Amino acid sequence: GQQVMQIPQYQHVQEGEDFTTYCNSSTTLSNIQWYKQRPGGHPVFLIQLVKSGEVKKQKRLTFQFGEAKKNSSLHITATQTTDVGTYFCAGPKAPGYIPTFGRGTSLIVHP
Amino acid sequence: GAGVSQTPSNKVTEKGKYVELRCDPISGHTALYWYRQSLGQGPEFLIYFQGTGAADDSGLPNDRFFAVRPEGSVSTLKIQRTERGDSAVYLCASSPEGNSGYTFGSGTRLTVV
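Protein chains in written order, with our numbering: chain A, 15 to 125; chain B, 2 to 114.
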């Protein structure tokens, strides 16, 4: 079945460095969602991308949906300790739109 | 309510026992989802309700798992004859429609001993 794969699984950065996580699908996605889960918390919806090549920004976060709608990325500029957590992408489970989550990328920010 | 409420927050049960987990979605949200999450993994889909009916239950691992949403709001996930492998955090999410961003509850941590 359709799966979304995320890399890397873990990323350690020094505070102030940039961070990027990548999400790849073997099939074309109608949309991609991104969530953040703080340690001990629950997933919190960040954004949904729908259009081919779409780029959206939320302060220091930049989300991109690939032209072929098979990949997506989340880039954080100048990380802060508040960015610590696991970032998940979720693509719709064919044939409907129930989000199927990747394994996530855990971001660790060292002060 | 203001958010998705799940009760209990923690549940410890003995192997073989029956448990019920409750989800109270955001008022007016017609779509409700159950997921479970094991340590180090992403949420795994279990079942999706649109209104009162289970629109997709393909994620339920076996017939020990069952969920209801009789009045289109509160949902209960029921697990019979619990096994140690059922231990996980069970998450509920709701959305206004089926294809928009989802609001998750804080989850129920189920431990089967």
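Ideal Cβ placement from N, Cα and C applies to all residues, glycine included.
Computed from a predicted model, the values in this text were never measured in an experiment.
For E21(B) and A92(A), the gap between their C-alpha atoms comes out near 44 Å. Contact between V5(B) and I27(B) holds, since their C-beta atoms are separated by about 6 Å, short of 8 Å. Going by C-alpha positions, G17(B) is about 29 Å away from E72(B). For the pair L47(B) and F66(B), the CB atoms are nearer than the 8 Å cut-off. Bridge pairing for S96(B): A32(B) [DSSP].
Closest by C-alpha distance to P125(A), out of P113(A), K70(A) and T96(A), is T96(A). Near chain A, meaning a CB-to-CB distance below 7 Å, the residues of the segment 35-51 of chain B are Q42, G43, P44, F46 and Y49. When C-beta distances to chain B are compared with 7 Å, every residue of the segment 63-92 of chain A stays at or above that value. Within chain A, the C-beta atoms nearer than 7 Å to that of G106(B) come from H56, in chain order.
Assigned with DSSP and collapsed to three states, D97(A) falls in helix.
Using a Cβ-Cβ cut-off of 8 Å, Q17(A) does not count as an interface residue toward chain B, since no Cβ of chain B sits closer than that to its own.
Counting only residues of its own chain and dropping the five nearest sequence neighbours on each side, T8(B) has a CB closer than 6 Å to the CB of R23. Per DSSP, the beta bridge partners of V113(B) are T14(B). In this structure, G60(B) sits near E45(B), with a CB-CB distance shorter than 8 Å. Selection Y49(A), V58(A) and Q28(A) evaluated against A104(A) yields Y49(A) as nearest (Cα-Cα). Taking a beta-carbon distance threshold of 8 Å, G30(A) does not count as an interface residue toward chain B. Bounds of any beta strand (DSSP E) do not take in Q42(B), whose DSSP letter is neither H nor E. According to the DSSP assignment, L43(A) belongs to no beta strand (DSSP E), since it is labelled neither H nor E.
For Q94(A), the number of other beta carbons within 10 angstroms of its own is below 16, and it is reported as exposed. Residue-level contact check: T42(A) does not touch chain B, since none of the beta carbons of chain B fall below 8 Å from its beta carbon. With a threshold of 16 other beta carbon atoms within 10 Å, T53(B) falls short and is exposed.
Under DSSP, D25(B) forms a beta bridge with S6(B).
Taking each of A32(B), Y19(B), E15(B) and A3(B) in turn and checking the Cα distance to K79(B), the smallest one comes out for Y19(B).
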